[in-house]
Amino acid sequence: MARFLPKGLYGWLRALLILALVIQIARLIWTIITPIAPLGDWQARTANVMSAPSRAALFASFDGFDRAAAAGDASAAVTSLDLTLYGLRMNEASGGGSAIIAGSDGVQRSYGVGEEVAPGVKLVQVLFDHVVLERGGLRESLFIDQSVPADTVGDTAAAPATPAQALPVAQAGPLTAEAITAGIGFAPRTENGRVSGFAVTPKADGAVFAQAGFKPGDIVTEINGRKVSSAQDGAALAGQLRSGARLSLLIERGTETLPIALIIPEP
């Protein structure tokens, strides 16, 4: 290479190469002896853990689960309105739900949260055994109807009565079409202006109602696998109540859906 380059230029190139090598060696030494981070000897900050009394005071300063509001709803005064609560459907995920409420006329209707139950009365919350109504800015509670008394077994110490003798339902004979018509009432339930079921209510002493497997607040939503969609389904149900009929009903009981079979034996 020296043959093709002037003698003076060759010396300058060698000097530049040596200078570049010295610079790279200096940079390597500087990288080894200096910290990696650009901010020098940087250290992460340790967590500032509060003491136990401080944490207790902090948690006591706010209500993270809104317990005060829940307690306020539970302690709402019982309403004096002429309303009867027959059934509930809770939706804990969304906080909504619906309730079956009857007014002074005895007609049962389904109302969702936020709907007006009566003039100036709005349904604001559905709970386990009651609903909360709002009237004039005040909240009132309406509890589910529990006026139907339970069967009394009797004093076992006074007389050794058998369970079959203590329960009138157990002594009842087979269901008949006439007994069902006289002992069970079917009232249409409307949702958004459409019939979506039939609310069953006991008649007379309630023996036939209990024998059929119903409870107050039950709603018939399907008849023989067909959903109830109009008031004409009630007439169709009444027409099927005859000897030898076997009816498969699907009912809503609170938050559950249960099947009930009505079997009317032939005479």
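According to the working numbering, the sequence shown is numbered sequentially starting from 13.
The beta carbon of each residue, even a glycine, is placed where N, CA and C say it ideally should be.
Since residue i and residue j should fall inside the 8 Å C-beta cutoff, what is the C-beta to C-beta distance between them, to a whole number of angstroms?
i      : j      : result
Leu145 : Val129 : 6 Å
Gly225 : Ile275 : The pair is not a contact, with the Cβ atoms about 11 Å apart (cut-off 8 Å).
Ala199 : Val119 : 7 Å
Arg206 : Ile231 : The pair is not a contact, with the Cβ atoms about 14 Å apart (cut-off 8 Å).
Ile235 : Leu261 : 6 Å
Thr233 : Lys227 : That belief does not hold up - the Cβ atoms of Thr233 and Lys227 are roughly 15 Å apart, past 8 Å.
Ser255 : Ala189 : 7 Å
Leu70  : Ile156 : Not a contact, Cβ separation roughly 40 Å.
Gly246 : Phe210 : 6 Å
According to DSSP, is residue i helix, strand or coil?
i      : result
Gly109 : strand
Val34  : helix
Gly251 : helix
Thr96  : strand
Arg238 : strand
Ser116 : coil
Ser63  : coil
Glu104 : coil
Pro271 : strand
Ala130 : strand
Thr213 : strand
Glu278 : coil
Arg258 : strand
Thr233 : strand
Arg57  : coil
Phe226 : coil
Ala243 : coil
Gly166 : With a pLDDT of only 48 at Gly166, under 50, the local geometry of the prediction cannot be trusted, and the value read off the model is given with reservation. Coil, per DSSP.
Gly266 : coil
Leu336 : This structure cannot speak to residue 336, because the chain is shown only from 13 to 279.
Leu139 : coil
Tyr22  : helix
Which value, in whole angstroms, describes the spacing of the CA atoms of residue i and residue j?
i      : j      : result
Ala216 : Gly124 : 31 Å
Ser208 : Ser122 : 9 Å
Ala162 : Asp94  : Note that Ala162 has pLDDT 48, beneath the 50 cutoff, so the model's placement of it is unreliable and the number below is only indicative. Looking at the two C-alpha atoms, the distance is approximately 24 Å.
Glu278 : Ser153 : 47 Å
Leu29  : Leu21  : 13 Å
Arg57  : Val34  : 39 Å
Ala89  : Gly115 : 19 Å
Val212 : Arg147 : 29 Å
Leu259 : Ala72  : 58 Å
Glu203 : Glu127 : 11 Å
Val133 : Asn60  : 52 Å
Gly237 : Glu264 : 14 Å
Pro131 : Leu187 : 42 Å
Quick one: give me the first and last residue of the beta strand (DSSP E) that residue i is part of.
i      : result
Gly205 : Counting along the chain, Gly205 falls outside any beta strand (DSSP E), and DSSP gives it neither H nor E.
Val220 : No beta strand (DSSP E) holds Val220; the alpha helix (DSSP H) holding it covers 219-223.
Glu152 : 150-155
Leu145 : 142-147
Quick one: give me the first and last residue of the alpha helix (DSSP H) that residue i is part of.
i      : result
Ala191 : 189-195
contact_flag[the region 93-102, the region 268-275] where n(CB pairs < 8 Å) is 3 or more: A contact between stretches requires three or more CB pairs, one per stretch, nearer than 8 Å, and the region 93-102 fails this requirement with the region 268-275.
Using 8 Å as the cut-off, can you tell me whether the region 190-205 makes contact with the region 59-71, which would need three or more C-beta pairs spanning the two stretches below that distance? Pairwise C-beta distances place the region 190-205 out of contact with the region 59-71, as fewer than three of them are shorter than 8 Å.
Kindly confirm or deny that the region 131-141 and the region 109-123 touch, where touching means at least three C-beta pairs closer than 8 Å. Yes, the region 131-141 touches the region 109-123.
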